[in-house]
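J.:
Number of protein chains: 4
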Amino acid sequence: MKKTLKRGFASDNNAGIHPEVLKALQTANQGHCIAYGDDIFTERAIKKIKEYFNEDVDVYLTFNGTGSNVLSLKMLTDSFNSIICAETSHINVDECGAPEKFTGSKLLSVPTEDGKLTVDCIKYHMHGFDFEHHSQPQVISITQATEMGTVYTVKEIEKIASYAHKHKLYVHMDGARLSNAAVSIDKSFWEITGQAGIDVLSFGLTKNGAMNAEAIIFFNKEISRKFKFYRKQGMQLASKMRFMAVQFEALLSNELWKRNAEHANKMAKILADKVADIPQINITQKVEANGIFAIIPAVIIPKLQDQFFFYMWDQKKSEVRWMTSFDTQLSDIDDFIVLLKKLLK
Amino acid sequence: MKKTLKRGFASDNNAGIHPEVLKALQTANQGHCIAYGDDIFTERAIKKIKEYFNEDVDVYLTFNGTGSNVLSLKMLTDSFNSIICAETSHINVDECGAPEKFTGSKLLSVPTEDGKLTVDCIKYHMHGFDFEHHSQPQVISITQATEMGTVYTVKEIEKIASYAHKHKLYVHMDGARLSNAAVSIDKSFWEITGQAGIDVLSFGLTKNGAMNAEAIIFFNKEISRKFKFYRKQGMQLASKMRFMAVQFEALLSNELWKRNAEHANKMAKILADKVADIPQINITQKVEANGIFAIIPAVIIPKLQDQFFFYMWDQKKSEVRWMTSFDTQLSDIDDFIVLLKKLLK
Amino acid sequence: MKKTLKRGFASDNNAGIHPEVLKALQTANQGHCIAYGDDIFTERAIKKIKEYFNEDVDVYLTFNGTGSNVLSLKMLTDSFNSIICAETSHINVDECGAPEKFTGSKLLSVPTEDGKLTVDCIKYHMHGFDFEHHSQPQVISITQATEMGTVYTVKEIEKIASYAHKHKLYVHMDGARLSNAAVSIDKSFWEITGQAGIDVLSFGLTKNGAMNAEAIIFFNKEISRKFKFYRKQGMQLASKMRFMAVQFEALLSNELWKRNAEHANKMAKILADKVADIPQINITQKVEANGIFAIIPAVIIPKLQDQFFFYMWDQKKSEVRWMTSFDTQLSDIDDFIVLLKKLLK
Amino acid sequence: MKKTLKRGFASDNNAGIHPEVLKALQTANQGHCIAYGDDIFTERAIKKIKEYFNEDVDVYLTFNGTGSNVLSLKMLTDSFNSIICAETSHINVDECGAPEKFTGSKLLSVPTEDGKLTVDCIKYHMHGFDFEHHSQPQVISITQATEMGTVYTVKEIEKIASYAHKHKLYVHMDGARLSNAAVSIDKSFWEITGQAGIDVLSFGLTKNGAMNAEAIIFFNKEISRKFKFYRKQGMQLASKMRFMAVQFEALLSNELWKRNAEHANKMAKILADKVADIPQINITQKVEANGIFAIIPAVIIPKLQDQFFFYMWDQKKSEVRWMTSFDTQLSDIDDFIVLLKKLLK
């Protein structure tokens, strides 16, 4: 049943891959290449990525977002450190403790209204420095766009980064949906990451139309000095890496990433707008990227899910999450709204 | 230079992917699927895999061989355990300590002539049981085909497994080249794994023509009870898993895996035969799968590598390794032999 | 300066050791004993401990409270699990991340008024079961007496334990000040631990007048099955264990532990009573064991600390902590009150 | 039975503690001290230790030898590193995998004749540098005196250290029996450690007559920069540290350590000399410290052990180990020889 190819709003990783990405895989399938990344495709992908960020960054491909996040954090911490993050952050609630297991560090979460950290809420955990009984705060990790569908402004990021660096902490950004954030506030990748003070970025394009295109970008090369060993030991080194590399190249060429992100965000806005007219539904977060959070009558949820995949976000509040993706169709939205209204009658 | 698309005998993972695998990726690219493996493609792949092994096994896809090996060993050990393996085994020398880092266990290696463990050499480490100061031997890990290009017979596996089980140890098999082994001794996957007493198998088809098709097969479901959590925490859970799944389906359909393995093995035999005629070269291992180990005059190695990728195996002995793959051409071999003979003059 | 032998109220581990404990060390210093606990002194200590709990428990000595807590939690968790605890708990804020490092698990903390967990606050974290992306709640850890100087009643413990077991979770108790709790509510060790539903106890007598007397008591022997290996691997196995063992024997004989705890608690009450009369000081927690928390004028703190050691608890609130111990003298309290009043003038 | 206070030659940690050490504990039992090492006793102990080594070292007390070894290695390694050691070394065979668990690193052992590493045998593992698939050799760990009762000369240590440093590796020394080594070759602690090129030393006096006196000495302060956090997280930070500290002071005053070590070594020589006259017994290692290894007729072992504790070393060879200690009496030896001869008749 649930294993049918039913369209929906469950997650942007329920979508397939963009045809140009598929085509790129074909292109990469020629001749022999040194495995593990020492090939021209990977070289080209890294060059392309640097164009979007900065020539002076270090780039490494990984298998998935969890891998990017965990290995990023590993490079920033000793096991006696702690990592400050939003309570709703992916690293805190959706990675089955992978950060703790691999880094040995402690996660210190703070509740937020909208998934966004602020200096004020970070301060709550900024104590115990140099006291050996206390896990030493070392990293602030933020997600852009957040897990709540909101987007940090450049200024907000800069404030956090400046506060962090002043206190000798690092800033990590989980950029699983960086593309959606960038188009949302019309800024380049560079402007909302390295330039704004981010030290290490988990850069993901999988949710943007790739099959598996994930990378870590180090804006400070001192941090990445030993990274290649940790990537291997962290089980994140692909043998036939060229097939991951060409996905980056495809998405970062001809602004495919941008078209995909703009489309997904636009679909979210449209869906949100249509839903906003329905009195029984209450949208709970600003719709700034490709996610919509809404409180809807509990009774209609099962029937709605029966036709369109999506997830319950907060059972108690009857809050659900709808995600749009690069391949969301207007007709998907229309059909969904029709059913929604029908069920609400 | 080294990043050109030069063909060679460096490794079977320097090859690209089989066209039927590429086509399968296309097939999978339709509609929306629940991510993380809860989709029909993964269901079908697992069904197909079970046909080759046994209905009663547990199958989980992973990203790569390191992931399969490390997570397999994790399921078999407490951190105070030890794992007995050949000194040349991939888990011992080619995974940058990933098994130690993730499991906390100790690897106990034994030197072998041909990469194959025997009960006799295992016995060396079978002591200290119940003595809390001593890492407790718990797993025997063997590789099929071995890293030395040799293949265990069913009987050899059974002997090890029977010895292991008698002493309450588990047997893990690293099957990164299981296909090459199976065709080499004309046995089914099942006959050389579960039926022969293996408890957990790292089953890899990446080197057999896939892009990334790796799985863990548990022949004892008690072992895999908690596995899904460890796969996630071990950063080995793919979001768009369907694209990994269809590669299994493609390779396990129409005996594609078999054709690929037979071809690779046959190419190795041909290369070995041609080389055997050259008096200055000494083949050091039986050529039972798709690898050839040979001592060749040190002076010609750089020039030979200049035209054909391959790796030095043992600098001191001037021993090199040549791997063939599903896409090795007769002309590759002929050109290589011509150059080899020319350089030896 | 701070390294003088100044008396004070900093912590019960700033006190020395009871003379009878010192004498016991002498008694143990005869002849040769098998090291690592296989000796008559350890046997006798374990027998004595069992008398206070139950014949059917498993007892292991460790070096310190951190070791007891971490190894207890290790026995109760897989690395993908989470541990629910009070935000102020020692395992959460005073062990430099030792639980996360050794177990790989996640700590889920909840704010409390008085350091005591309740079923209601535990429930906040009771979700995500069987969902592989989410760390699986597995242990509830409570501290008796709490870090805030309060004490759980038997009923309160039973409620938590019953809720935990109903949901297949374990309950761990950090009993670094179990003696103070026991005398506070006039219950036996057994009544407030195993009988009330605790699964594993960190049992500490160091703060009760020992030099280093710490143990783990398993009320469920299935949990401790592999413990001896983890104790060794966790660096908590003492060679000349007899000298730790005899401290238990000394304190658990002639009710020395009880006299010590009663004295410490009584001193706390006296100090609290005297302080209660001072209008500028506000006691913030119930004084149920041997700790007093009070808000005092910030300006007098440095001068007070100059004569008597004690710690700031919450800088922002100007809240301090005073601990009494088995060797606190009435004169210590009198002198302290005199100075306090003088400074407040 | 085995739990009687029977004297013997099982291990130097089966002995009790020297009366002067016991007396020192009493001295430390006065007034209140800041816990966790911030006290005058610890300050004095560290000062005293530095006198034996060098003013410019960093000293930290730990609970036991395993703790010292594991935390030393942690400070010298990333988890992707490897540690080269003798096959018989304590860190390799007697710590239940504690180094692997806590550091994540790989141990690379080499067989030796006499427990002593040489540059030649180290070289076997010196390869794979900068190759990310291979655990990177980073530390050479030697034991002084060795687990085989032999002692490195200053020159031998210097050779290893000089080779290590030339290749950018560190040298760790397990000095659980450093005193026995120092008196054996009539060198100071400093001459056989820091001055000879050791980077980090596990310095143990427990086997020399202490109850528990273990420390780590860093000869390179860059290495210990973050140590205090790792000691706490590694569960090796004692609360009432003063009682550990004074044991160092006692043993390092009036050359008590030296008298104890000289006595133990002398007793070993006497035992060895007496045994050497017995034709059925074959001493297998040089007796340079306080251990004797001998092959004796298997048939008499149980009866001998019945009267005197000692351990079988190698069952297959019928090789046993006899250790002497600071409290071994001539009469112990005489009685043992009498019984030995009687049984051999």
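As they're listed, the protein sequences go chains A, B, C and D. Reminder that position 44 of the first sequence reads as 50 in our numbering, one-by-one numbering, no gaps. Reminder that position 168 of the second sequence reads as 174 in our numbering, one-by-one numbering, no gaps. Reminder that position 307 of the third sequence reads as 313 in our numbering, one-by-one numbering, no gaps. Reminder that position 103 of the fourth sequence reads as 109 in our numbering, one-by-one numbering, no gaps. C-beta atoms are modelled at their ideal positions from N, C-alpha and C, and glycine is treated no differently. Because the structure is a prediction, the values reported are computed rather than measured.
Over what stretch of residues does the alpha helix (DSSP H) that includes methionine 250 of chain A continue unbroken?
T.: Its alpha helix (DSSP H) spans residues 248-258.
J.: Please confirm whether cysteine 127 of chain C has its beta-carbon closer than 8 angstroms to some beta-carbon of chain D.
T.: Output row for cysteine 127 of chain C: interface = no.
J.: Can you name the residues of chain D whose CB is closer than 7 angstroms to the CB of glutamine 239 of chain A?
T.: Correct list: Ser85 and Phe86.
J.: As a quick exercise: from A:Trp196, A:Asn20, A:Val293 and A:Asp341, pick the residue whose alpha carbon is nearest that of valine 63 of chain A.
T.: Valine 63 of chain A has its Cα closest to that of A:Trp196, out of A:Trp196, A:Asn20, A:Val293 and A:Asp341.
J.: By Cβ distance, which residues of its chain are closer than 8 angstroms to alanine 278 of chain B, with the 5 residues on each side in sequence left out?
T.: These residues qualify, in order along the chain: Ile289, Val293 and Ile298.
J.: State yes or no: is the beta carbon of asparagine 75 of chain C nearer than 8 angstroms to at least one beta carbon in chain A?
T.: For asparagine 75 of chain C, the answer is no, since every Cβ of chain A falls outside 8 angstroms of its Cβ.
J.: Taking arginine 327 of chain D as the reference, which of D:Phe59, D:Ala274, D:Gln313 and D:Ile148 has the closest Cα?
T.: Nearest option by C-alpha distance: D:Ala274.
J.: Establish whether the CB of phenylalanine 315 of chain D and some CB of chain C are separated by less than 8 angstroms.
T.: Yes, phenylalanine 315 of chain D counts as interfacial toward chain C.
J.: Report the start-end ranges of each beta strand (DSSP E) in the segment 282-337 of chain B that is 3 residues or longer and not cut off at the edges.
T.: Those beta strand (DSSP E) runs which fall completely within the segment 282-337 of chain B and span 3+ residues are 297-301, 317-320 and 325-329.
J.: Pull up the distance between the alpha-carbon of glycine 210 of chain B and that of alanine 182 of chain B, whole angstroms please.
T.: Roughly 4 angstroms separates the two Cα atoms.
J.: Can you tell me which of C:His269, C:Pro303 and C:Phe137 puts its alpha carbon nearest to the alpha carbon of leucine 336 of chain C?
T.: Of the listed residues, the one whose Cα sits closest to leucine 336 of chain C is C:His269.
J.: Does cysteine 39 of chain D have its Cβ less than 8 angstroms from a Cβ in chain B?
T.: Output row for cysteine 39 of chain D: interface = no.
J.: Inspect the CB distances between the segment 241-251 of chain C and the segment 33-51 of chain C and report whether three or more fall short of 8 angstroms.
T.: Yes: the two stretches touch, three or more of their Cβ pairs being nearer than 8 angstroms.
J.: For serine 337 of chain A, would you say it is in contact with chain D, using Cβ-to-Cβ distances shorter than 8 angstroms as the test?
T.: No, serine 337 of chain A does not count as interfacial toward chain D.
J.: Helix, strand or coil: which one does DSSP assign to tyrosine 275 of chain B?
T.: Tyrosine is not the amino acid found at residue 275 of chain B; the sequence shown has lysine there. If DSSP states are grouped into helix, strand and coil, lysine 275 of chain B belongs with the helices.
J.: Is it the case that the Cβ atoms of isoleucine 198 of chain B and isoleucine 223 of chain B are separated by a distance below 8 angstroms?
T.: No; because the gap between Cβ atoms is not below 8 angstroms, this pair is not in contact.
J.: Within 10 Å of its beta-carbon, does histidine 2 of chain C have 16 or more other beta-carbons around it, so buried, or fewer, so exposed?
T.: With chain C covering 7 to 351 only, the question about residue 2 of chain C has no answer from this structure.
J.: Which class does tyrosine 58 of chain D belong to by DSSP, given the choice of helix, strand or coil?
T.: Three-state result, tyrosine 58 of chain D: helix.
J.: Does DSSP classify isoleucine 223 of chain A as helix, strand or coil?
T.: In the structure shown, isoleucine 223 of chain A sits in a strand (DSSP, three-state: E or B).
J.: For alanine 295 of chain C, count the other beta carbons within 10 Å of its own beta carbon; 16 or more makes it buried, fewer makes it exposed. Which is it?
T.: Buried.
J.: Roughly how many angstroms lie between the CA atoms of threonine 212 of chain D and arginine 237 of chain D, to the nearest whole one?
T.: Roughly 19 angstroms separates the two Cα atoms.
J.: Run through DSSP, which three-state label would alanine 34 of chain B get?
T.: Here alanine 34 of chain B sits in helix by DSSP.
J.: Alpha carbon to alpha carbon, what distance is there between isoleucine 306 of chain B and glycine 14 of chain B?
T.: So the two alpha carbons sit approximately 16 angstroms from each other.
J.: Contact criterion: CB-CB distance below 8 angstroms. Does aspartate 341 of chain B meet it with respect to chain D?
T.: Not closer than 8 angstroms to any Cβ of chain D, the Cβ of aspartate 341 of chain B fails to qualify, so no.
J.: With a threshold of 16 other CB atoms inside 10 Å of the CB of alanine 225 of chain C, please say whether the residue is buried or exposed.
T.: Per the sequence presented here, residue 225 of chain C reads as phenylalanine, with alanine not at that position. Buried, since its Cβ has 16 or more Cβ neighbours within 10 Å.
J.: Pull up the CB-CB distance for leucine 28 of chain C and leucine 31 of chain D, whole angstroms please, since I reckon it's below 8 angstroms.
T.: With a Cβ gap of about 7 angstroms, leucine 28 of chain C and leucine 31 of chain D count as contacting.
J.: With phenylalanine 233 of chain D as the anchor, note down where its beta strand (DSSP E) starts and where it stops.
T.: Run containing phenylalanine 233 of chain D: none in the beta strand (DSSP E); it sits in the alpha helix (DSSP H), 233-239.
J.: Can you name the residues of chain D whose CB is closer than 8 angstroms to the CB of phenylalanine 235 of chain A?
T.: Simply Asp84, Phe86, Glu138 and Gln142.
J.: Count the C-beta pairs between the segment 70-79 of chain B and the segment 90-109 of chain B that are closer than 8 angstroms, then say yes if the count reaches three, no if not.
T.: Yes, the segment 70-79 of chain B is in contact with the segment 90-109 of chain B.
J.: Output needed for glutamate 26 of chain C: all residues of its chain with C-beta closer than 7 angstroms, excluding positions within five of it in sequence on either side, in chain order.
T.: Ala256 and Leu262.
J.: Looking at chain A, is there any beta carbon in it that lies within less than 8 angstroms of the beta carbon of valine 252 of chain C?
T.: Closer than 8 angstroms: no.
J.: Is it buried or exposed for aspartate 312 of chain A, if we count other Cβ within 10 angstroms and need 16 for buried?
T.: Aspartate 312 of chain A should be labelled exposed.
J.: Please list the partners that lysine 107 of chain A has in chain B, where partner means a Cβ-to-Cβ separation under 7 angstroms.
T.: Here the neighbours are Gln239.
J.: For glutamate 101 of chain A, decide whether its Cβ has a neighbour in chain C, counting only Cβ atoms nearer than 8 angstroms.
T.: Yes, glutamate 101 of chain A counts as interfacial toward chain C.
J.: Taking any Cβ of chain B, which residues in the segment 214-228 of chain A have a Cβ under 9 angstroms from it, in chain order?
T.: Residues passing the 9 angstroms Cβ filter: Ala216, Met217 and Asn218.
J.: Among D:Ala170, D:Asp100 and D:Met81, whose alpha-carbon lies nearest the alpha-carbon of leucine 123 of chain D?
T.: Taking only the C-alpha atoms, the option nearest leucine 123 of chain D is D:Ala170.
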